[in-house]
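**Q** Yeah, the sequence shown ends on 1539 if you go by the working numbering, and it's all consecutive.
Using N, Cα and C, we set each Cβ at its ideal position, and we do this for glycine too.
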Amino acid sequence: MMFRCGVIGSPVGHSLSPRLHMAALNHLAISGESVIVDDDGSDLGRLSSTVHGFDALSVTFPLKERMYGLCDEVDDLARQVGAVNSVRIVDARIVGRNVDGEGFCRAIVSELDVDVRDASVTVIGAGGAARSIIASLLRRGVGRIDVLLRTDRGQLSIFGDDGRVRGVSVSSYEADLVVNATPVSLTGDSSPLPTVATGSQTAFIDLSYEPAETAWLAEQRLISS
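Written out as structure tokens, the structure reads:
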């Protein structure tokens, strides 16, 4: 029986997920397919029906929080941050997971050799992916996190009284790592928020990977050069 998977969100045409899925399926000798599904989640009934037509889906902007609400079961991190980035359909039940944060932390360690312990981090945005990254950084012993927000700071209430996290409109300290977790690189908007204080060794990461150097990354490179 063919294993049917894909990636769902909007816009989603740039996603590399189908290639990654097919590489995994081929490696495991599983017959299957992976497709792109453009759905913004405006019709939750349609979204639920679509999801039930798959065995598994990667979930991207803007569906991570909406998909969470459709899940019958979620893992601990997804429950903490109120968002999922992948779902499996098991016996007609939607089972959600959130591995955004763990994947991010592994990547910055292996690819950038960044040690997050005691590091100063600025995260721009507080959506589902951002909250997952913040939670994972806290678990790994990060020093402090400034979360630059344009909207309600109530999104950070899930982190309770952890003094390492604060919502701000302007970052007031020099960051070791700056993460753009907003969709501006997908939507083509300008830089999401005011410039962050940085040093010569600051690492910048845009969660959007198309193009390889987004307008935001290019702007940060010019500012810090």
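Considering only the alpha carbon of each residue, which of 1399, 1422, 1453 and 1417 lies closest to residue 1411?
**A** Ranking the options by Cα distance to residue 1411, first place goes to 1399.
**Q** Where does residue 1537 land, buried or exposed, given buried means 16+ other C-beta within 10 angstroms?
**A** Residue 1537 is exposed by the Cβ-count criterion.
**Q** Do you know offhand how far residue 1322's Cα is from residue 1331's?
**A** Their backbone Cα atoms lie some 10 Å apart in a straight line.
**Q** Give the secondary structure of residue 1387 by DSSP, where H, G and I count as helix, E and B as strand, and everything else as coil.
**A** Strand, per DSSP.
**Q** Output the distance between the C-alpha atoms of residue 1479 and residue 1492, rounded to the nearest integer angstrom.
**A** Roughly 14 Å between the two C-alpha positions.
**Q** Could you give the first and the last residue of the continuous alpha helix (DSSP H) run that contains residue 1340?
**A** From DSSP, the alpha helix (DSSP H) with residue 1340 extends over 1331-1341.
**Q** Which partner residues of residue 1444 appear in the DSSP bridge assignment?
**A** Answer by DSSP bridge pairing: none, since residue 1444 is not bridged.
**Q** Give me, in chain order, the residues of the same chain whose beta-carbon lies closer than 6 Å to that of residue 1458; leave out the 5 immediate sequence neighbours on both sides.
**A** So the list reads 1434 and 1478, once near-sequence residues are dropped.
**Q** Check for me: the alpha helix (DSSP H) holding residue 1359 runs from which residue to which?
**A** Note, residue 1359: alpha helix (DSSP H), 1358-1365.
**Q** Return the residue from the list 1497, 1392 and 1440 that minimises the CA-CA distance to residue 1524.
**A** If we check each option's Cα against that of residue 1524, 1497 comes out closest.
**Q** According to the Cβ coordinates, are residue 1414 and residue 1377 closer than 9 Å?
**A** Against a cut-off of 9 Å, the Cβ pair of residue 1377 and residue 1414 comes out as no contact.
**Q** Among 1464, 1471, 1342 and 1392, whose alpha-carbon lies nearest the alpha-carbon of residue 1484?
**A** The option with the nearest alpha carbon to residue 1484 is 1464.
**Q** For the alpha helix (DSSP H) containing residue 1420, list its first residue and its last residue.
**A** Segment 1414-1426, the alpha helix (DSSP H) holding residue 1420.
**Q** What did DSSP end up calling residue 1533 once you bin it into helix, strand or coil?
**A** Residue 1533: helix per DSSP, three-state reduction.
**Q** To which residues does DSSP link residue 1519 through a beta bridge?
**A** Looking at the DSSP assignment, residue 1519 forms a beta bridge with 1493.
**Q** Among the residues of its own chain, which have a CB less than 6 Å from the CB of residue 1371, if the five just before and after it don't count?
**A** These residues qualify, in order along the chain: 1320, 1322 and 1401.
**Q** Using DSSP with H/G/I as helix, E/B as strand and the rest coil, what is residue 1526?
**A** Residue 1526 falls in the coil class under three-state DSSP.
**Q** Give every residue of the same chain whose Cβ lies closer than 6 Å to the Cβ of residue 1345, excluding the five residues on either side of it in the sequence, and list them in chain order.
**A** Correct list, in chain order: 1316.
**Q** From this set, 1448, 1452, 1454 and 1453, which residue's C-alpha is nearest residue 1461's C-alpha?
**A** Of 1448, 1452, 1454 and 1453, the residue nearest in Cα terms is 1448.
**Q** Using the C-alpha atoms, what's the distance from residue 1495 back to residue 1324?
**A** Distance between the alpha carbons of residue 1324 and residue 1495 is about 16 Å.
**Q** Would you decide whether residue 1423 is buried or exposed? Buried here means 16 or more other CB atoms lie within 10 Å of its CB.
**A** Exposed: under 16 other Cβ atoms inside 10 Å.
**Q** Starting from residue 1459, trace the beta strand (DSSP E) both ways and give me its first and last residue.
**A** Here the beta strand (DSSP E) through residue 1459 covers 1458-1462.
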